[in-house]
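Before any comments, here is the structure.
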Amino acid sequence: MISIVVPVFNEEDSLPELERALFDAAAGFGLPFEIIAVNDGSSDRSAEVLKEIAARHPEFKVVNFRRNFGQTAAMMAGINYASGDVIVSIDSDLQNDPADIPRLLKKLDEGYDVVSGWRQDRKDAAITRNFVSRVANRLISWISGVSLHDYGCTLKAYRRDVIEGVKLYGEMHRFIPIYAKAEGARIAEIAVNHRPRRFGSSKYGLERTLKVILDLLVISFLDRYFSKPIYVFGGFGAASMIAAIGCLFWMLYLKIVEGISMILTPLPMLSAMLFLIGIMGILMGLLAEILVRVYFESQSRPAYNVQSVLNMTSAKG
């Protein structure tokens, strides 16, 4: 089965055309499918429009959040409620083209585990969206080691088994390929159609770039050091203690060779501070090692709160 996950936030005007496009694309799958629309606390009539669509199509399932939790939480909910072996994510604003979904599935059949869309001819603002996005994508590829042209493109296809245990927070939905790569997944990228926005306005601004960079640092830390955080905190602590010893020897050199009194320099205070910071760094590393053993996700608590569901027989996640 193919599960198509659609995060929705204030897209009442786009939904009727999206309905037609999704079902036209799904008709060519030749496989059972479901469409899971996650209403992320929309303040317009999106909830009513989704209810009308669900009444017409049993394959169209709806998850309504009690309030706006963000696109990442909506993606996580869609994945948790999905029943398919293959999960496809797509935006609800009509800028992604549902007609590209069969191409992603065909590429997936070549043996890949993740196929990511690349908005090669992106129809957005040249500076505030396209240029900033290119810089961010290169930075993400450099830090993560997973080379993709377009992390921000929601149109992606995944095999369920490579994202089964993924938990998403913040703005981390765009980093699912990095999670999958860490699990040994094969990743491919294909150019997809991108259309100008016809209804409403973008829900994102430049402030999202900083959030993305911070989330990327979290992803990189979790990927490389989650099982051994002492390497980060302990390494920083050890470096600080080495610097403290260096300041101590410098202070002794000034006293013995140059005849400069210790109290005339900031070195005694600096040496003591660096030594204490080093001790604290090592202790924080040990504490982090303990916290790893009681990893918070063992509680299986999702990052969203569901108000109601339609065409669902049971809850997941």
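Counted from 1, the sequence shown has number 141 at position 127 by the working numbering; the numbering is strictly sequential. C-beta atoms are modelled at their ideal positions from N, C-alpha and C, and glycine is treated no differently. Source: prediction; values computed, not measured.
Alpha-carbon to alpha-carbon, residue j and residue i
{"i": "residue 41", "j": "residue 134", "result": "26 Å"}
{"i": "residue 206", "j": "residue 96", "result": "24 Å"}
{"i": "residue 326", "j": "residue 249", "result": "49 Å"}
{"i": "residue 178", "j": "residue 88", "result": "16 Å"}
{"i": "residue 243", "j": "residue 157", "result": "18 Å"}
{"i": "residue 115", "j": "residue 91", "result": "20 Å"}
{"i": "residue 296", "j": "residue 282", "result": "22 Å"}
{"i": "residue 161", "j": "residue 265", "result": "48 Å"}
{"i": "residue 349", "j": "residue 154", "result": "Absent from the model: residue 349. The displayed extent of the chain is 15 to 331, so no value can be given."}
{"i": "residue 305", "j": "residue 294", "result": "16 Å"}
{"i": "residue 275", "j": "residue 302", "result": "41 Å"}
{"i": "residue 278", "j": "residue 252", "result": "27 Å"}
{"i": "residue 99", "j": "residue 18", "result": "11 Å"}
{"i": "residue 269", "j": "residue 291", "result": "25 Å"}
{"i": "residue 191", "j": "residue 84", "result": "19 Å"}
{"i": "residue 108", "j": "residue 159", "result": "31 Å"}
{"i": "residue 254", "j": "residue 299", "result": "14 Å"}
{"i": "residue 163", "j": "residue 150", "result": "10 Å"}
{"i": "residue 147", "j": "residue 210", "result": "16 Å"}
{"i": "residue 188", "j": "residue 166", "result": "6 Å"}
{"i": "residue 38", "j": "residue 247", "result": "53 Å"}
{"i": "residue 186", "j": "residue 86", "result": "6 Å"}
{"i": "residue 61", "j": "residue 27", "result": "12 Å"}
is_contact[residue i, chain C] using C-beta, thresh 8 Å
{"i": "residue 227", "result": "Absent from the structure is chain C; it holds one protein chain and no more."}
Anticipated Cβ contact below 8 Å, residue i with residue j, distance rounded
{"i": "residue 172", "j": "residue 194", "result": "7 Å"}
{"i": "residue 204", "j": "residue 131", "result": "7 Å"}
{"i": "residue 45", "j": "residue 15", "result": "7 Å"}
{"i": "residue 101", "j": "residue 174", "result": "6 Å"}
{"i": "residue 22", "j": "residue 58", "result": "Between residue 58 and residue 22 the Cβ distance is about 10 Å, and since that is not below 8 Å, they are no contact."}
Limits of the unbroken alpha helix (DSSP H) element including residue i
{"i": "residue 256", "result": "244-270"}
{"i": "residue 17", "result": "Not the alpha helix (DSSP H): residue 17 falls in the beta strand (DSSP E), residues 16-22."}
{"i": "residue 37", "result": "29-40"}
{"i": "residue 115", "result": "115-122"}
{"i": "residue 94", "result": "85-95"}
{"i": "residue 137", "result": "Per DSSP, residue 137 belongs to no alpha helix (DSSP H) and is neither H nor E."}
{"i": "residue 146", "result": "146-158"}
{"i": "residue 63", "result": "60-70"}
Distance CB(residue i)-CB(residue j) smaller than 8 Å
{"i": "residue 419", "j": "residue 65", "result": "Lying outside 15 to 331, the shown extent of the chain, residue 419 is not represented and no answer is given."}
{"i": "residue 49", "j": "residue 25", "result": "no"}
{"i": "residue 29", "j": "residue 67", "result": "yes"}
{"i": "residue 110", "j": "residue 168", "result": "yes"}
{"i": "residue 20", "j": "residue 69", "result": "no"}
{"i": "residue 180", "j": "residue 127", "result": "no"}
{"i": "residue 228", "j": "residue 258", "result": "no"}
{"i": "residue 71", "j": "residue 137", "result": "no"}
{"i": "residue 82", "j": "residue 322", "result": "no"}
Residue span of the beta strand (DSSP E) that contains residue i, given as start and end
{"i": "residue 173", "result": "170-173"}
{"i": "residue 128", "result": "128-132"}
{"i": "residue 75", "result": "74-79"}
{"i": "residue 196", "result": "Where residue 196 is concerned, there is no enclosing beta strand (DSSP E), although the alpha helix (DSSP H) it sits in stretches over 190-196."}
{"i": "residue 100", "result": "100-103"}
{"i": "residue 205", "result": "201-205"}
{"i": "residue 47", "result": "47-53"}
Proximity test, residue i beta-carbon vs the ligand HEM heavy atom, cut-off 7 Å
{"i": "residue 64", "result": "The model depicted lacks the ligand HEM and carries no ligand whatsoever."}
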